[in-house]
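Those protein sequences? They're chains A and B, same order as listed.
Throughout the first sequence, residue numbering follows our numbering, covering 631 to 1287 in sequence.
Throughout the second sequence, residue numbering follows our numbering, covering 1033 to 1170 in sequence.
Using N, Cα and C, we set each Cβ at its ideal position, and we do this for glycine too.
Some notes on the structure that comes next.
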Amino acid sequence: MRTELTEQEWADVAACREAARAEALTGAWTVEEFRDAAAVVYAAIGQPPPLVVVAPGPQTALLWAALLGAQSQGQGDIDTPLGTQLNSQLRAQLSTQLNSQLSSQLDSQLSTPLGERLSTQPNEWLVSQLYSQLSTQLDSQLSTPLGAQLNSQLSQLSTQLDSKLAPQLSSQLVSQLWSQLDSKLAPQLHVALGTQLWSQLNSQLGSQIAPQLVAQLSSQLYSQLGTQLSTQLGTQLNEWLDTQLYSPLSLQLGSQLNEWLDSQLRSQLSSQLYSQLGTQLNSQLRAQLSTQLNSQLSSQLDSQLSTPLSTPLSTQPNEWLDSQLRSQLYSQLNEQLREQIAPQIAPQIDAQLESQLESQIDAQLSTRLREQLNEWLDTQLYSPLNEWLDTQLESRLGPLWSQRQLGTQLNEWLDTQLSSQLYSQLGTQLSTRLREQLGTQLKGVHWPWWRYAWLTRWLFVAALDGIDPPEEDVLTLARSYRAFCTPALTIPLTGVVVVCGQYSSLNRNAAGGLHCTDGPAWAWPDGTAVYALEGIRVPEWVVTAPEAQRILTDLDNTEQRRVAFAHLGWDRVVSDLGLTPIDTHPDPHVGTLYDLPKEAAPGPARLLVARNASPHTDGTWQTYGLLCSPDAETAQQAQASLAGLRLADWLALDGAS
Amino acid sequence: MTMTITHGEVAARTGTLIPPHLVAQAEVPTATKGWRQGDVYVARGGTVPVGEGIPITGAGHKVVAGDADRNSHILNGDGVFHPAAANALADYGVLVVPNGGLAVLTHTGEHGSVAFPEGTWRVWGQLSYEAELRRAAD
């Protein structure tokens, strides 16, 4: 039985701690390693290997997890309020990141396992979920905007027809009619017609020709336009579905899903969308074109045909005019309408469809994934595993561990110090930073560095000479669990783990605390940033644009105020605030009392600048600016007021540390 | 006989680190009337509240959890702690150390531990004079 360690082993302890810290802080883990570790960890509680999604930062990780786990009510994961909050706060961020970043990750990381999962899912799910959502969304989202868009298009078309076609039609009709009438009808008309036809002609043209022509023209135009538009939209929709829906989905969800979607969805979805859009557009176009063309052509024909035809025409030319005009007008109108409508409607409909269906993809992807994440939880993962590992390892290593001194030392060196360095100095600041922004509901988020340190200790002990190591499967699980706990933030969900990727910058002081005087101390590519001075997290403005007045009024935390003032410089604080010392005690720990101008203080108070009672862990002495009673006349009275004591009682204290 | 305890022993039972400026084998100072540890004050006095209180044995009871990411104050050793009402301005509560016992207030940062012998001790926090008088945060 080992009861002590050799010098070399103690050196190894230090080396192990530093290596572990470096490993965690540098984020040297790979996705493959993490995925393998996650598979082992999940398998330990009887779960299949989870999908691993690497987020570009903590905020994004929380957002993705909220989307994935928002439906997991009461299961310890990210709960619905957080999901709602994240959705509202970071929706814009998500749309960009899901499209650009998650897609590539899904492609490389999720394709196989997700494809396998999805391939085993019953067709009813997609039928009931995807189709009903698509149909509902298409119905509610596409019909209204498309209707409005078509109205706009038809209004433009009407204007264009009015301005372009009317003169052209007028001149052509007049020219042709005059020419034909002159050559064919002139002889008969000259003989047969007289002044008595004036009234008949006017009445017949008004009541017979115009409505007939309009009805025939409208019918033919509607048919052609409907066919053209539906074909055009169908082509666009098909292309869109290929580029926006099928391709990304197939890339993201893998070849299996792609094949499955191909066989199961493409034909049905295309058919359904074609049918819906075709029907909608046809009916809308018909109704709107009918009204507008009827009105326009009626007025044109009424005004243009009555005058030139009134003189020569009799009751005979109805059929002839009908056949002649119809073919010519149809041809001209069709051509012009086709040229005018296509370039105008196409881009708008394209953009509209893209926007609408892009949001559908997001919603469907997250909904689809959420559907799979309803069974088990963070608590189910960690609690049983922790308990089991504790039992297993303690039973194997108990004799060594029971040696109090050795165990305590190892615990301090490897567990306490390592976890303190990792979690207390870094992890807690990140979690607090996120809580500030995202509220207090970070339930389900896993801050793994505590467990990382704990497992580092156990694994070191297990490898000591003379120690009978646990069985290999226990060690494998412990190593895997440790690897699983290496990233700064992991969020285990049912079937998927959202893990925070590598930070973009990390700046610390000599003591290991977060510290940066000209930017974020800890930052990620997604924009998550932690500003900190001397290990104390502060608002961004404290680092980038500190102001003495604002430090006093906005910071209600003495530690924050201290580092903020120190960052600004006490000389500048006293200068900027125009402070005049009232009393300076010879002991700097008691401090110097300053009067504060009213506008500089958040309330009636004076400022006591005093040195901390104990040196900081790095050996330096911290100086604080404390708001004391406005009645204090000396630094000692100020100290007593901070304690809420009379001066005599404060002086009676045994000491301070 | 006056009980004593070393910084190393306190660190071992609470899992805290010994501040570098202190020696592990050195005895923790013992207060007779009162002490200030950072922004936490402990002084004799106070009325023993009704109830059993929170035992501070083992790793102890965190009487103050610093919300600036560190600076927690942990009562450990013998006795019980009676937390004050949640709306108390600066009072954290009352420490009751049994006859012959020794309680220790330990800090997770730079402040050294201090011991309190048998008796009743009031524990409270530093004030900050702002728009409203309130407890200083750290």
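Alpha carbon of residue i to alpha carbon of residue j, nearest angstrom
i: residue 1076 of chain B; j: residue 1193 of chain A; result: 33 Å
i: residue 1055 of chain B; j: residue 640 of chain A; result: 20 Å
i: residue 1128 of chain A; j: residue 1139 of chain A; result: 30 Å
i: residue 1255 of chain A; j: residue 1091 of chain A; result: 46 Å
i: residue 1248 of chain A; j: residue 1125 of chain A; result: 45 Å
i: residue 1166 of chain A; j: residue 651 of chain A; result: 20 Å
i: residue 674 of chain A; j: residue 1107 of chain A; result: 8 Å
i: residue 875 of chain A; j: residue 676 of chain A; result: Unreliable placement is indicated for residue 875 of chain A, whose pLDDT of 44 sits below 50; the coordinate value is still reported in the next sentence. Distance between the alpha carbons of residue 875 of chain A and residue 676 of chain A is about 34 Å.
i: residue 1133 of chain A; j: residue 1241 of chain A; result: 35 Å
i: residue 1112 of chain A; j: residue 1136 of chain A; result: 22 Å
i: residue 1174 of chain A; j: residue 1195 of chain A; result: 13 Å
i: residue 1047 of chain B; j: residue 1091 of chain B; result: 7 Å
i: residue 692 of chain A; j: residue 1131 of chain A; result: 12 Å
i: residue 1157 of chain B; j: residue 1093 of chain A; result: 46 Å
i: residue 1207 of chain A; j: residue 1281 of chain A; result: 30 Å
i: residue 659 of chain A; j: residue 1093 of chain B; result: 36 Å
i: residue 1089 of chain B; j: residue 1114 of chain B; result: 14 Å
i: residue 1222 of chain A; j: residue 1236 of chain A; result: 10 Å
i: residue 1191 of chain A; j: residue 1153 of chain A; result: 22 Å
i: residue 653 of chain A; j: residue 1226 of chain A; result: 48 Å
i: residue 668 of chain A; j: residue 1070 of chain B; result: 43 Å
i: residue 1285 of chain A; j: residue 1251 of chain A; result: 17 Å
i: residue 646 of chain A; j: residue 637 of chain A; result: 14 Å
i: residue 1161 of chain A; j: residue 1150 of chain A; result: 4 Å
i: residue 1109 of chain A; j: residue 1088 of chain A; result: 10 Å
Local Cβ density within 10 Å of residue i, reported as buried at 16 or more and exposed below that
i: residue 680 of chain A; result: buried
i: residue 694 of chain A; result: buried
i: residue 992 of chain B; result: Residue coverage of chain B in this structure runs from 1033 to 1170, which leaves residue 992 of chain B outside it and unanswerable.
i: residue 656 of chain A; result: exposed
i: residue 1168 of chain A; result: buried
i: residue 1217 of chain A; result: exposed
i: residue 1053 of chain B; result: exposed
i: residue 995 of chain A; result: Legend: pLDDT at residue 995 of chain A = 38, less than 50; position of this residue unreliable, value from coordinates given subsequently. Buried, because 16 or more other Cβ atoms sit within 10 Å of the Cβ of residue 995 of chain A.
i: residue 1276 of chain A; result: exposed
i: residue 1110 of chain B; result: buried
i: residue 1210 of chain A; result: exposed
i: residue 1205 of chain A; result: exposed
i: residue 1057 of chain B; result: exposed
Any C-beta of chain B under 8 Å from that of residue i
i: residue 1235 of chain A; result: yes
i: residue 1288 of chain A; result: A query on residue 1288 of chain A cannot be resolved here, the shown segment of chain A reaching from 631 to 1287 and no further.
i: residue 1149 of chain A; result: no
i: residue 1189 of chain A; result: yes
i: residue 783 of chain A; result: Unreliable placement is indicated for residue 783 of chain A, whose pLDDT of 49 sits below 50; the coordinate value is still reported in the next sentence. So no, residue 783 of chain A is outside the interface.
i: residue 1257 of chain A; result: yes
i: residue 1284 of chain A; result: yes
i: residue 1249 of chain A; result: yes
i: residue 1110 of chain A; result: no
i: residue 1260 of chain A; result: yes
Per DSSP, cross-strand counterpart(s) of residue i
i: residue 1255 of chain A; result: A:1239
i: residue 1069 of chain B; result: B:1072
i: residue 1189 of chain A; result: In DSSP, residue 1189 of chain A forms no bridge with anything.
i: residue 1151 of chain B; result: B:1129
i: residue 1130 of chain A; result: A:685
i: residue 1285 of chain A; result: B:1067
i: residue 1160 of chain A; result: A:1152
i: residue 1182 of chain A; result: Paired residues: none, contrary to the question.
Below-8 Å beta-carbon distance, residue i vs any chain E residue
i: residue 1274 of chain A; result: The chain inventory of the structure shown lacks chain E, comprising the protein chains A and B.
Closer than 8 Å to chain A by CB, residue i
i: residue 1056 of chain B; result: no
i: residue 1156 of chain B; result: yes
i: residue 1124 of chain B; result: no
i: residue 1038 of chain B; result: no
i: residue 1065 of chain B; result: yes
i: residue 1159 of chain B; result: yes
i: residue 1084 of chain B; result: no
i: residue 1103 of chain B; result: yes
i: residue 1091 of chain B; result: no
Check whether the region 1178 to 1188 of chain A touches the region 1152 to 1160 of chain A, taking contact to mean three or more Cβ pairs, one atom from each stretch, closer than 8 Å. The region 1178 to 1188 of chain A makes no contact with the region 1152 to 1160 of chain A: fewer than 3 CB pairs, one atom from each, lie closer than 8 Å.
So, do the region 1248 to 1259 of chain A and the region 1035 to 1050 of chain B have three or more beta carbon pairs nearer to each other than 8 Å? No, because fewer than three Cβ pairs between the region 1248 to 1259 of chain A and the region 1035 to 1050 of chain B fall closer than 8 Å, the two stretches do not touch.
How about the region 1057 to 1077 of chain B and the region 1149 to 1159 of chain B: do they share at least three Cβ pairs that are nearer than 8 Å? A contact exists between the region 1057 to 1077 of chain B and the region 1149 to 1159 of chain B.
Would you check if the region 1266 to 1273 of chain A and the region 1102 to 1116 of chain B touch, i.e. whether three or more CB-CB distances between them fall below 8 Å? Fewer than three pairs of CB atoms, one per stretch, sit closer than 8 Å, so the region 1102 to 1116 of chain B makes no contact with the region 1266 to 1273 of chain A.
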